[in-house]
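Shown next, in structure tokens, is the structure this report addresses.
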Amino acid sequence: MGCILGILGCCFGSAACSLCCICCPSTRNSLITRLAYGLLLLIGTIISWVLSTPDFVKILAKIPGLCKGKILDDIEALKGYMSCERFVGYRNVYRIQFSFACFFLLMMFLMLFVKRSKDPRSKIQNGFWFFKILIIIGICTGFFFITNQGFASMIMVLGNIFSFIFILVQLILIIDFTHSWNENWVGKGEEGSKKHFCGLVFFTTLLYSLSIISIILLYIFYASKPTCSLNIFFITINFILCLIVSIVSVLPPVQNYHSTSGLLQSSFVTLYVVFLTWSAMTSEKSHSICNPSWNDIIRNNNNNLTDIDPTENGSVNNSSIIALIIFFCVIFYSATTSSTKSSSGKLLGISSNEDIEKTGSKIDGGKSYDDEEQSVAYNYSLYHFMLFLASFYVMMTLTNWFKPTNNFLDFHQNNAVVWVKITVSWTCIVLYCWSVISPCVFRNRDFS
Numbered sequence: 001m002g003c004i005l006g007i008l009g010c011c012f013g014s015a016a017c018s019l020c021c022i023c024c025p026s027t028r029n030s031l032i033t034r035l036a037y038g039l040l041l042l043i044g045t046i047i048s049w050v051l052s053t054p055d056f057v058k059i060l061a062k063i064p065g066l067c068k069g070k071i072l073d074d075i076e077a078l079k080g081y082m083s084c085e086r087f088v089g090y091r092n093v094y095r096i097q098f099s100f101a102c103f104f105l106l107m108m109f110l111m112l113f114v115k116r117s118k119d120p121r122s123k124i125q126n127g128f129w130f131f132k133i134l135i136i137i138g139i140c141t142g143f144f145f146i147t148n149q150g151f152a153s154m155i156m157v158l159g160n161i162f163s164f165i166f167i168l169v170q171l172i173l174i175i176d177f178t179h180s181w182n183e184n185w186v187g188k189g190e191e192g193s194k195k196h197f198c199g200l201v202f203f204t205t206l207l208y209s210l211s212i213i214s215i216i217l218l219y220i221f222y223a224s225k226p227t228c229s230l231n232i233f234f235i236t237i238n239f240i241l242c243l244i245v246s247i248v249s250v251l252p253p254v255q256n257y258h259s260t261s262g263l264l265q266s267s268f269v270t271l272y273v274v275f276l277t278w279s280a281m282t283s284e285k286s287h288s289i290c291n292p293s294w295n296d297i298i299r300n301n302n303n304n305l306t307d308i309d310p311t312e313n314g315s316v317n318n319s320s321i322i323a324l325i326i327f328f329c330v331i332f333y334s335a336t337t338s339s340t341k342s343s344s345g346k347l348l349g350i351s352s353n354e355d356i357e358k359t360g361s362k363i364d365g366g367k368s369y370d371d372e373e374q375s376v377a378y379n380y381s382l383y384h385f386m387l388f389l390a391s392f393y394v395m396m397t398l399t400n401w402f403k404p405t406n407n408f409l410d411f412h413q414n415n416a417v418v419w420v421k422i423t424v425s426w427t428c429i430v431l432y433c434w435s436v437i438s439p440c441v442f443r444n445r446d447f448s
């Protein structure tokens, strides 16, 4: 809680940040800044979700003098000057998240070529949070006045493109996390720590068990009929591919050149691919025998479809909720990791210099210190670019990747997303397989 208060205290500049972070343990400025931007995105996500909920219009209707006309469930609003329906639905998710995307894009250009904290622009990166929030609110307010019917369609196209790019970034970070996790525990195990060896065995067994159980359930509920041939293909091909990469990861040639490669990474990637497969199938045509609702699965009744139509504005399906949880875990990992051994971290501008923390001047009696006097701990512009992509990913996830119609208020099922998610699952397998075999292919290159 102290750290959260410290971050909120940064609203009026870095000086206030130093005063309010007194409750935090000794913390690097670069870490606090990245967490603060992640917190901004989290708040924007929560606001977007609340405004996309159909029941929220009922709350607005109860505010005297705000809305005009008849709202929902015969709630009669007082004489207002605007329609409450204007402030709810997927269209507002587009507006809010596109506002965040514009803000992060602006910050990306402002922070180009910043090398150290002595650069005046570094103060903008690490402070002035109150004014940054005002800028986001201002951009968002402007987008609420846009009523052009082509606006939603244009944003959806951009959302599909940039979301796919972010998913690739997310895959790199997930693969990097699995390798770092395995390397760390294997190293401690080789030093004599039995609990880390036991932990490797436990989590590997757990993740593979969850994957096998999930695959069986997918066959039962999403591929039990001959008419579900596409789902049968998706589940089978991804199961075979995961089995192949698991075997490849422990082959003797791979172990000779990549000794930290193992089944822990493969089990983690396998479970993630199974999730992507499930997410793709839940994006298929709603209320079909091959895509039962959550309630129908619980009741074990695929024929009597009783769940609420997931294409209804404001309904976020279960796979999207899990995807958002994974998303924020990835954002947190990208903000807190400081491994200079991570090539993906260097590529995304999330890793720090090994000697920065040692040379950074700590504040006597304080809890925050500048660790970027000699060199920035991460690439400011690349980090903002990642958050720019992440804003579009949140937008598409909260709207279930639905497609807006000519009517700006309506969103319908987008069947293309099925192949997008399946392609992502195959890309994940390819990226992981390459990370495993690349030391064997480029034997003279140092991958440590």
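The numbering of the sequence shown is the numbering used here, which starts it at 1 and goes up by one.
Glycine included, C-beta positions come from ideal geometry on N, C-alpha and C.
The continuous alpha helix (DSSP H) containing Asn238 extends over residues 229-248. By the criterion of at least three beta-carbon pairs nearer than 8 angstroms, the segment 125-143 is in contact with the segment 96-104. Taking the Cα positions, Trp419 is about 47 angstroms away from Glu373. If you draw a straight line from the Cα of Phe385 to the Cα of Cys433, it comes to about 27 angstroms. Taking every protein chain shown into account, the CB of Ala223 has 16 or more other CB atoms within 10 angstroms, so this residue is buried.
Note that the C-beta distance between Thr204 and Leu243 is not below 8 angstroms. By the neighbour-count criterion, in which 16 or more other beta carbons inside 10 Å mark a residue as buried, Glu190 falls on the exposed side. For Asp176, the three-state secondary structure derived from DSSP is helix. Sequence-distant Cβ neighbours of Tyr333 in its own chain, meaning closer than 8 angstroms and more than five residues away, are Leu173, Phe177.
Beyond the five residues adjoining it in sequence on each side, Tyr94 comes within less than 7 angstroms, by CB distance, of Ala152, Ile155, Met395 in the same chain, given in chain order.
In this structure, Thr270 is the residue among Leu207, Thr260, Thr270 with its C-alpha nearest to the C-alpha of Thr236.
Proximity to Ala377 across Tyr393, Phe392, Asn400, Thr337 peaks at Thr337, based on C-alpha coordinates. The Cβ neighbour count for Lys123, taken over all protein chains shown within 10 Å, is under 16; the residue is labelled exposed. The continuous alpha helix (DSSP H) containing Trp278 extends over residues 263-282. It is roughly 9 angstroms from the alpha-carbon of Ser438 to the alpha-carbon of Val254. Counting along the chain, the unbroken alpha helix (DSSP H) around Met108 starts and ends at 90-110.
Between Val169 and Leu51, the alpha-carbon positions lie close to 28 angstroms from each other.
In terms of Cβ geometry, Phe442 and Leu42 do not form a close pair [threshold 8 angstroms]. The C-alpha of Glu183 lies about 5 angstroms from the C-alpha of Thr260.
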